[in-house]
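Q:
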Amino acid sequence: MKPEHLVKMANQIGAFFDAMPNREQAVKDVAGHIRRSWEPRMIRALHDHLAKAGDQELSPIVREALAQHLI
0 MKPEHLVKMA
10 NQIGAFFDAM
20 PNREQAVKDV
30 AGHIRRSWEP
40 RMIRALHDHL
50 AKAGDQELSP
60 IVREALAQHL
70 I
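Per numbering that gives the first Met the number 0, residue 0 is the first one in the sequence shown, and the count goes up by one each step.
Now the structure itself:
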């Protein structure tokens, strides 16, 4: 899967949870959704892409979720 597509999907997940009033829970829910719904190779591919290109393409909530709970 193309890294750009993974970034787009992660940001869409983030946009959904970003509307939650409890930011801490929203961050956990973003990470949980990715962990439950994505294959491990998708998470690895996103991690590899971010290691090379940086995380500027990610929304703040996704960046926070990945840093705290996944990567």
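Glycine included, C-beta positions come from ideal geometry on N, C-alpha and C.
#1: Extract the residue ranges of the alpha helix (DSSP H) inside the region 15 to 66, only unbroken runs of 4 or more that lie entirely within it.
#2: State the DSSP-derived secondary structure class of K1, mapped to helix, strand or coil.
#3: Quick check: the Cα distance between L69 and A9, rounded to an integer number of angstroms?
A: Taking the coordinates as given:
#1: Whole alpha helix (DSSP H) segments, 4+ residues: 22 to 36, 39 to 52, 59 to 64.
#2: K1: coil per DSSP, three-state reduction.
#3: Distance between the alpha carbons of L69 and A9: 12 angstroms.
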